[in-house]
Amino acid sequence: MRARIAGVSAAALLLTACTEGGISPRVFDWTDAPGGGAPVVEPVSPTDVLGEESEAARPPEPEAVAEGEPMPAPVSGRAEVVGLDAHGLSDVSQVDVDLTVSGVNGKGRVEVEFVSPTGHPYERRTSVVEAKPEMTRTVRFSLPVAGTTVATSGMSGTWQVRFFLDGAPLTTAAFTLEP
């Protein structure tokens, strides 16, 4: 009971202190200078906080690009739907999409996402690509159609195929399956 009375008393004291004399304190904008003039802001000169001119006190020098070394080529990708001769759901056994990627330095994780005509992700797969930056690699991804939910549910329409390299969007492709 004493704790409750002490808490209520402290709250009442704080509330009365804020409105004492019926005037609330004036809140200055942080940019207001005393006396109402414009604030004067001058830059601070850098100082050696360690008290000595050591390597730790200086920022690191930017890495210089060696002359004659070419900059690595940016990663690029191109997707192509291959071998889709028939377009009817009952005629297509699978849809193959080739991704040709270049500029990969070392290993890269390639993901493909097949998006149904309704706009919902249907299937996602992952593959690893290993190459030097000057090399081009092609990876084939297949979407089974015959005997799957695609055919039995009549998922006809335009499908989107999205490709990602190490989580970043790379390229897209599209194909159409007719009823």
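Residues 28 to 206 in our numbering are what the sequence shown lists, from first letter to last. The beta carbon of each residue, even a glycine, is placed where N, CA and C say it ideally should be. The structure presented is a predicted model; accordingly, all values stated were derived computationally and were not measured.
Which term fits residue i, buried or exposed, when burial requires 16 or more other beta carbons within 10 angstroms of its beta carbon?
i	result
A33	exposed
G135	buried
S117	exposed
A178	buried
Roughly how many angstroms separate the alpha carbons of residue i and residue j, rounded to a whole number?
i	j	result
N132	V155	12 Å
G184	F202	8 Å
P148	E69	56 Å
A100	F191	18 Å
T176	S129	34 Å
F141	R105	16 Å
E157	D193	12 Å
T250	P206	The structure shown has nothing for residue 250, since the chain only spans 28 to 206.
A164	G181	Just to set this straight, residue 164 is Arg in the shown sequence, not Ala. R164 and G181: Cα-Cα distance of roughly 34 Å.
G115	V109	16 Å
V188	Q121	14 Å
What is the DSSP secondary structure of residue i, counted as helix, strand or coil?
i	result
S103	strand
T145	coil
S117	coil
S183	coil
A30	helix
If residue i sits next to residue j, beta carbons under 8 Å apart, how far is it from one beta carbon to the other, in whole angstroms?
i	j	result
V124	L204	Incorrect: roughly 13 Å between the Cβ atoms, too far for contact.
E150	L126	With a Cβ gap of about 15 Å, E150 and L126 do not count as contacting.
Assuming residue i is part of the alpha helix (DSSP H), what are its boundary residues?
i	result
V177	176-179
Can you tell me where the beta strand (DSSP E) with residue i in it begins and where it stops?
i	result
P160	Taken as a continuous stretch (DSSP letters only), P160 belongs to no beta strand (DSSP E), as it is neither H nor E.
S129	121-129
L111	No beta strand (DSSP E) holds L111; DSSP gives it neither H nor E.
A201	195-204
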